[in-house]
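What follows is a set of notes on a single structure, which appears directly below.
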Amino acid sequence: MSRSKPTSIKKTSLTVLAATIAATAGWQACAQAQEADGSQGNTVIVTGTRSVTRTVSDSEAPIDVLTSKDLQSTGSSELATVLSRLLPSLNFPRPAVADNSSAIRTAQLRGLSPDQTLVLVNGKRWHTTAVVNVSGAAGRGSAPADLNTIPLSEIDRIEVLRDGAAAQYGSDAIAGVINIILKKGAAGGEIQAGAGQYGKGDGAQGNVSANFGTQLGDRGWLRFTVEQRNQNETNRSGADLRNKAEPLYGQVTQLQGDPKLKQTSLGLNGALQLADGVELYGFANGSRRDSDVAATWRTAYTTTTGTTLRSSLYPQGFLPIEQSTSDDVALVAGVRGKTASGWRWDASANYGSNTFDLDIANSANFSIVGSTQTRFHAGKLKNSQTLLNFDAAREFDVAWLPAPLTFAVGAEAKREKYEISAGEPASYSGSGAQGFSGFQPSNAGSTDRHSTAIYANVEAELSKQLSASFALRTENYSDFSSVTSGKLSGRYEVSKELAFRAAASTGFRAPSLAQQNYTITTTNILTLPNVGQQLVDTGTFGVNTAAAKALGAKPLEAEKSHNYSVGAVIQPVRNFSTSVDLYQINIDNRILYSGNLILPSALQNTLASQGVLVGAARYFANAMDTRTRGVDIVSTYQINLSNADKLALTLGYNHNDTSVSSIAANPAILTQNKLTLIDRQTINRATEASPKDKVSLGADYNASVWGLHGQATRYGKFTSPQNDPSTDQTFSANWVLDLSGSYHLRKWTLTAGVDNLTDKYPDQVIAANNLGGTLPYSTFSPYGFNGRYYYAKAAYTW
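Numbering-wise, the sequence shown is residues 387 to 1184 according to the numbering used here.
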């Protein structure tokens, strides 16, 4: 594509440039541009295409490319947090006092469920976590991939496809695809260390990482990554004002903030040339994260199932701590090559697993008379997947086409397994361990399924101006019927400065084994009619259990989607571009985790006859159909200054709105007992709890050895829904400003910065919802509630 030469501006003082950065409020330096020539538009992409020549600028669907430099532009070492800063379409709240969802947090693309975004690493499907988000946090009911297990130092770039792609990649790719591409080759390396702390004096963080390569004989290479990350907890809880009779009334008893954690990660990526045109390749990742997550403070006079919690163990009350260890493993090995006839082929094996082991500390089981035990092993969860995959692609010359047609075919076999292991008897006996009752033997067990898929893809330049592609994929699952997905997309170049693109596709997401089988009985704080908030034994039941069936549960079906998008790419000059993409995503049979069913005596007795003693229940269901409409806008502008100085500016905007098309019929047994499976709060959490608007403005100024980075992000309004409409709360929009500066000294780069410079916090939660003042901030806040964060980093590169 021909472009005019970049603008050149005569000498400008540093003062004027600093004022420019402040005026632009820190334009976001992400993705679509910023190479020396002013754009990454000519970067060849591998996501959403089988062609070897497709670039960002001629893609038929919107795609963001984030470089390793982009990923290091914030003070965070968490991948999901960094992505939420760089991508207007991605939301990553920081839930607290949310059980296991505080240890493994989830990200949302385009406001949809976290498990409706597919994560790939080097183009291979990444496994999902064993933890099901059954708390009241964003993405409730999902069990997606844990992005934070992958070290930033290991990543070369990330390609984010903002379009449905189930016809190309299979289940989960409804909202889009995040493809994480690892660094490769023997040359070069980096050692980095960083530290930071919040302005309140807590939450100290430290991380050390190294990434380097070595030759593997004269025909291959290996690349190693090691990272150690530590984080202390933050606390933004308010004074406990629940009961004046409490010994600690008016004091801070709760922890509401980021958990204490320690994570060690290891990575390996490599390739070896076996023969001309044949290469052995593979990568492996392993991480262990230890987290301490606070449960809800047990006051001295709290009761549960008739048992008073006050005892000689905790005469003033106590705060149970959920201590978890999350082990993540991924192994991929394959052989790829090219035949004499021009076929590119790739055969691979892929294994991934997540194991979540949980202990409860600073707790007690008061139903065991005379027990002084304060620590309990609550059980273990494990999710794993194994895939065998074969792809082949080739270009064919077609006489009436201006360029070769790309044809690709493939097949895949996948096996998934989900396991629940029981905790020690004292963790679940009677009322169970306070904070999180352990998994019972009746909850324990394993289940698996297998699936097979075949798929094909055709991409062609129909004329010098028009390109199009078509993809088709059929999958068969052992636990439900077959699913077929298709996608048609195209791009029309009106001129070198203007192009239009459009896509239409069908997609699906298979119900996860975790959603089908997660079963546990634990103690929750619920609001009872005419009583108020109480601790209630609550059962979550897999849809195939007798308890769930007695409450009207049915086997889960696949979610099915229809995606439509249309957009324009405008590039009037070489160093400026704008893309605008409108989209609509219709999803049928969306799987939601039900509300808390406060069981009347009749249903309690029904479950008791099965040996299940609970006062409330929950299960998963295909609950409703939704429609999501939105727009993405990305503009980039790079100005070449004198003395090779550069100023790169970017604007990013996302608007999305999800509405309910229909709600599934309430089970008859629940209607008879005046219960609603999918209540108002459950529906609105899926449609109202994430911001509908997000704006990112960024600026990067590079002058010789100095660099300045600024970013201002406006997070739109969001609503924390309740079943009682009078206690709904809509939180105000807020601007968050991040600034940093870097100095390059030979092979060293020194960076210092401040995230959330103006110390912005979300609105505080109203009294009706803040648990007596102990939980003053919403877990749905898209930028958390920790305030200003100071950090410094040093990197040595060779």
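Cβ atoms here follow ideal geometry from the backbone N, Cα and C, with glycine treated the same way. Just so you know, these numbers come straight off a predicted model, no measurement behind them.
Whole angstroms are fine: how far does the CA of residue j sit from the CA of residue i?
i	j	result
residue 1143	residue 619	20 Å
residue 1105	residue 841	41 Å
residue 957	residue 623	49 Å
residue 1108	residue 948	30 Å
residue 376	residue 920	The question about residue 376 has no answer, for the chain in this structure spans 387 to 1184.
residue 1052	residue 1046	16 Å
residue 611	residue 571	13 Å
residue 832	residue 801	13 Å
residue 409	residue 1028	Its pLDDT being 32, under 50, residue 409 is placed unreliably in this model, and the value from its coordinates should be taken loosely. C-alpha separation (whole angstroms): 21 Å.
residue 1006	residue 1131	56 Å
Identify which residue in the options has its Cα closest to the Cα of residue i.
i	options	result
residue 936	943, 927, 1032, 944	927
residue 765	555, 1091, 1005, 828	828
residue 1078	1010, 476, 431, 468	476
residue 563	1137, 763, 450, 1134	450
residue 432	553, 549, 567, 530	567
residue 772	753, 803, 884, 778	803
residue 912	872, 1168, 984, 1097	984
residue 1030	1049, 1000, 1091, 1041	1091
residue 530	506, 685, 549, 543	506
residue 975	658, 965, 946	946
residue 1161	641, 863, 524, 915	641
residue 893	988, 526, 551	551
residue 379	777, 914, 989	The structure shown does not extend to residue 379, since the chain spans only 387 to 1184, so no value can be given for it.
residue 600	628, 656, 635, 527	656
residue 437	797, 610, 855, 717	855
residue 1166	1123, 806, 1101, 1181	1101
residue 734	704, 726, 778	778
residue 943	867, 454, 664, 472	867
residue 593	539, 631, 607	539
residue 605	902, 658, 727	658
residue 520	1037, 1110, 556, 924	924
residue 1190	1060, 1146, 1168, 1035	An answer regarding residue 1190 cannot be provided, because it is not within the stretch 387 to 1184 covered by the chain.
Going by DSSP in three states, residue i sits in which element: helix, strand or coil?
i	result
residue 749	coil
residue 1067	helix
residue 1027	coil
residue 1147	coil
residue 554	helix
residue 991	helix
residue 700	coil
residue 564	strand
residue 901	helix
residue 485	helix
residue 771	strand
residue 838	strand
residue 1060	coil
residue 1114	coil
residue 540	helix
residue 684	strand
residue 479	coil
residue 468	helix
residue 535	helix
residue 583	strand
residue 743	strand
Cβ atoms of residue j and residue i: under 8 Å apart, would you say?
i	j	result
residue 812	residue 826	no
residue 709	residue 681	no
residue 1024	residue 1070	no
residue 1010	residue 1049	yes
residue 1183	residue 545	no
residue 724	residue 678	no
residue 898	residue 514	yes
residue 666	residue 721	yes
residue 821	residue 701	no
residue 484	residue 523	yes
residue 366	residue 751	Given a span of 387 to 1184 for the chain in the structure shown, any question on residue 366 remains unanswerable.
residue 669	residue 712	no
residue 479	residue 487	no
residue 578	residue 1181	yes
residue 1124	residue 453	no
residue 845	residue 1135	no
residue 510	residue 718	yes
Indicate, with yes or no, if the ligand NAD has a heavy atom lying under 7 Å from the CB of residue i.
i	result
residue 446	What this structure holds is no ligand at all, so the ligand NAD is not there to describe.
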